[in-house]
Amino acid sequence: MATTKHTLVAIVRDRPGVLNRMVSLFRRRGFNIDSIAVGHSEEPYLSRVTIVVNGTTATVEQVRKQLDKLIDVVRVSDISGDKITVRELAMVKVKASSANRSEIIEIADIFRANIVDVASDSLTIEITGDEDKIDSMLKLLRGFGIREIARTGRIAMVRGVLPAEGKTS
Amino acid sequence: MKKTGAQIICESLIAEGVDVMFGFPGGVLLPFYDTLPQYPQLRHVLVRHEQGAAHAADGYARATGKVGVCMATSGPGATNLVTGIANAFMDSVPIIALTGQVATPFIGKDAFQEIDITGITLPITKHSYQVTSTADLAAVFKEAFYIARTGRPGPVLIDLPRDVQLEQAEYVIPPGEVKLAGYKIPTRGHPTQLKNAAKLINESRRPLIIAGRGVIISGASAELLKFAESAQIPVITTLLGIGCFPEDHVLSLGMAGMHGSGYANKAIDSTDLLVAVGMRFDDRVTGKISAFAPHAKIIHIDLDPAEIGKNVRVDVPIVGDVKPVLEAMLKIVDTREHVDWLQQIDEWRKQYPMEDFREGAQLLPQYIIHQLYEATRGDAIVVTGVGQHQMWTAQHYIFHEPGSFISSGGLGTMGFGLPAAMGAKVGRPDRTVWLVDGDGSFQMTIQELATLVQDNIAVKMAILNNGYLGMVRQWQELFYGKRYVATPLSCPDFIKVADAYCIAGARVTRREDVAGAIQQAMDHDGPFLIDFMVEPEENVFPIVPPGAANADFIEHPKKEVTAWPRRSTP
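First to last, the protein sequences are chains A and B. Read in order, the letters of the first sequence correspond to residues 13 to 181 in the working numbering. Read in order, the letters of the second sequence correspond to residues -17 to 552 in the working numbering.
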């Protein structure tokens, strides 16, 4: 069976070790995590974890069920099949000189990215969007020389009104 | 009223109905142990090694259906519990493991006897806590016991830093039921799936039930019996399902899988509908997965949604507690006869009988198990270690009651037997508890003999002594060209060992002395050890070779000479 990228969204209790429990489960069942992003949710004491994994539908479903068994995981959904909005934030520090600075700023503008820091020999650009958009900008910037990249990993939300739709059990 | 953490721990244990715990003290647990005499209703059984405490709590839980409690100090005490916790996790046994921890200011400083036990046990506990405030203790204990015993049961660990035991806090029993957002306990099963299942059962010509430990946990033996009788469906059990269906019943086919009966494995190979109840398709049950139940649709009833579709494809998934699900099914499944199917199975029974051995001079282990059954009339709680003796017990003792067979299934833990038998006897002092063990398995936790004596725990022990690590030797004989590497085993004189512990014993070398020794053990007041010097190279048959299909089981080579039908056919 073909493997595809799946986006899992978990609402978890803010307890010590909760992330450890989740990540340990992925390791034990032999899953590679493409990205994981953690932050507060709309409810107090609950965090939202967005995990991107590669796998067949059946194996990802098995991992989703195993995650759901963790006491500190309140609910977990595979939202890959839903209409979702995904975003990632990246910061990239590009080598820049007075000769090419305006060219780099032009590229950033095309991607509606922001210049967040200017130094004599570099520019730091902040961009948000889906992974493709960020990858496209990075590709264009590579020619100038990239010093550092920091990416947050994907966060995602199902469109419409209900929180964390998709398959829960 | 303000109480110390140690007092709150004791009060919480009592509030959860605990009357006994198995433990071993140590530095950071001293505040707790110092408090224990204030609560005489809490019995503490001092084990000789912490692994024994965890297995004893496990055996206690399986024998009583209650939550077992074990405790160990920080560092090595805690790590010694690990095997026992893993064993309970694999077999879904509710135990609470309490571990001492260094005082909170020392945590993370590599203090003396500090170990990250919650981290170490992360993948083998249902849940775990490290309590960092005395005020949290009461709520944590209530939640921990709730999690251990509800849903799919399992071990829960509570790590208790020294200062948390010493400090004071207001003790209030948390009111009401434990509520945990997102902790779902499925109950009845989806009505549509129940209907789908009933339709398949009603249409099936060769239905077969395979029942596991989930039936015992759910307390659904009576429902299973009614269901099987009403629809006339033969019943196979897994190793851990043994006892959930009376093995002397005409519909019983005994155990399935690697050392299952030939007729059980033939039935799996031929069934057109497998109704799996509270079991998880372990590889020791399925054999080669692609050849498992090749002609069957599968209905899978289990409490744990993650078990459904994990190892085998399932046609009708029913996520629910076995008992209410079977009750509901009983109402919508037709009564049936299945005359041809049952007749076919009876032919297999005659063709592939379970071997038993009444003839000959050799002291054969199967014969001993049979004699043990005769002497106890199947009414004992029988606990085993892991190895050949375990399989012979599963095959040749006839169990008819849930909880009467206690064995390490998923983890296959050698050394489980003696401490688990100890826990079972402490939990059920009214019952005769027999340990059947191998000479290898027994030596792994032999130190608990001292615990039997100190706490006067009257376990009757039968060692099937063949001077080998028998199961491994059997595989070497059958699959590794008889190269017996690291399996010949020198043993101490077990009778002298028992005597050194002031435990009575007898050695049996001849078959005609078997029954007498068993009777002597039963008549004796207190623990008793029988050292049965059995045929050294006897093998467990039938065996499905590793990686082979269930239908390709190998029968006992001496079957023709010695076989007799084990169960009377109707």
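Quick reminder that beta carbons are idealized off the backbone N, C-alpha and C, glycines included.
DSSP beta-bridge partners of residue i
i: B:ILE380; result: Bridge partners of B:ILE380: none, in fact.
i: B:TRP416; result: B:VAL364, B:LYS442
i: B:MET53; result: B:GLY5, B:LEU80
i: B:GLN112; result: B:ASP141
i: B:VAL217; result: B:ILE191, B:SER234
i: B:GLU28; result: According to the sequence as given, residue 28 of chain B is Leu; it is not Glu. Bridge partners of B:LEU28: B:GLY5.
i: B:ASN447; result: B:MET515
i: A:VAL161; result: Correcting the residue type first, residue 161 of chain A is Ile in the shown sequence and not Val. Note: A:ILE161 sits in a beta bridge opposite A:VAL104.
Coil, strand or helix - residue i by DSSP
i: B:LYS292; result: coil
i: B:GLY101; result: helix
i: A:THR97; result: strand
i: B:ALA403; result: helix
i: B:VAL0; result: coil
i: B:LYS248; result: helix
i: A:LEU20; result: strand
i: A:GLN74; result: helix
i: B:LYS(-15); result: strand
i: B:HIS282; result: strand
i: B:ALA117; result: helix
i: B:ASP316; result: coil
i: B:ASN553; result: Past the edges of chain B, shown from -17 to 552, lies residue 553 of chain B, and the structure says nothing about it.
i: B:ASP328; result: helix
i: A:THR15; result: coil
i: A:ASP46; result: strand
i: B:ALA45; result: helix
i: B:HIS277; result: coil
i: B:PRO470; result: strand
i: B:GLN147; result: helix
Partner residues on chain B for residue i, Cβ-Cβ distance less than 9 angstroms
i: A:GLY29; result: THR100, GLY101, LEU104, SER110, GLN112
i: A:ARG60; result: In chain order: nothing, as chain B lies at least about 13 angstroms away.
i: A:ARG99; result: None at all; the shortest Cβ gap to chain B is about 26 angstroms.
Residue span of the beta strand (DSSP E) that contains residue i, given as start and end
i: B:PRO189; result: 189 to 193
i: A:GLY67; result: 58 to 67
i: A:ARG154; result: No beta strand (DSSP E) contains A:ARG154, which DSSP labels as neither H nor E.
i: B:MET336; result: Where B:MET336 is concerned, there is no enclosing beta strand (DSSP E), given that its DSSP letter is neither H nor E.
i: A:VAL130; result: 126 to 130
i: A:MET169; result: 167 to 170
i: B:LEU511; result: 510 to 515
Extent of the continuous alpha helix (DSSP H) run through residue i
i: B:ALA68; result: 58 to 72
i: B:GLN456; result: 452 to 461
i: B:HIS506; result: Premise fails: B:HIS506 is in no alpha helix (DSSP H) and is neither H nor E.
i: B:THR268; result: 265 to 268
i: A:ASN32; result: 30 to 40
i: B:SER389; result: From DSSP, B:SER389 is part of no alpha helix (DSSP H); its letter is neither H nor E.
i: B:GLN436; result: 431 to 436
i: B:PHE424; result: 421 to 426
i: B:GLU185; result: 173 to 185
i: B:ASP92; result: Looking at the DSSP string, B:ASP92 is not in any alpha helix (DSSP H), and its letter there is neither H nor E.
i: B:PRO13; result: 12 to 17
i: B:VAL299; result: The sequence shown places Pro at residue 299 of chain B, not Val. Note, B:PRO299: premise wrong, no alpha helix (DSSP H); beta strand (DSSP E) at 298 to 301.
Chain-ordered neighbours of residue i on chain B, where CB pairs are closer than 8 angstroms
i: A:ASN32; result: GLY101, LEU104
i: A:ARG171; result: None at all; the shortest Cβ gap to chain B is about 24 angstroms.
Contacts of residue i in chain A (Cβ-Cβ under 8 angstroms)
i: B:ILE129; result: ILE83
Chain B contact residues for residue i, given Cβ-Cβ distances below 7 angstroms
i: A:ARG87; result: GLY164
i: A:LYS77; result: PRO287, ALA288
i: A:SER36; result: LEU104, PRO105
i: A:ARG40; result: PRO105
Contacts that residue i makes with chain A (C-beta to C-beta distance below 7 angstroms)
i: B:LYS292; result: GLN74
Cβ-Cβ separation, residue j to residue i (assumed contact under 8 angstroms), whole Å
i: B:ALA(-12); j: B:GLN147; result: 4 angstroms
i: B:THR61; j: B:VAL10; result: Not really, about 14 angstroms apart at Cβ, beyond 8 angstroms.
i: B:GLU537; j: B:TYR334; result: 7 angstroms
i: B:ALA486; j: B:ARG413; result: Contact flag wrong, Cβ pair sits at about 20 angstroms.
i: B:LEU80; j: B:GLU32; result: The Cβ separation is near 11 angstroms, so there is no contact.
i: B:THR86; j: B:PRO13; result: So it is not a contact: roughly 13 angstroms between Cβ atoms.
i: B:TYR349; j: B:ARG492; result: Wrong, their Cβ atoms sit about 11 angstroms apart, outside the cutoff.
i: B:ILE283; j: B:GLY260; result: 7 angstroms
i: B:ILE380; j: B:GLU229; result: 5 angstroms
i: B:LEU176; j: B:MET53; result: So it is not a contact: roughly 43 angstroms between Cβ atoms.
i: A:LYS145; j: B:ALA288; result: Wrong, their Cβ atoms sit about 36 angstroms apart, outside the cutoff.
CB contact below 8 angstroms: residue i versus chain D
i: B:ASP412; result: Structure shown: chain D not included; protein chains present are A and B.
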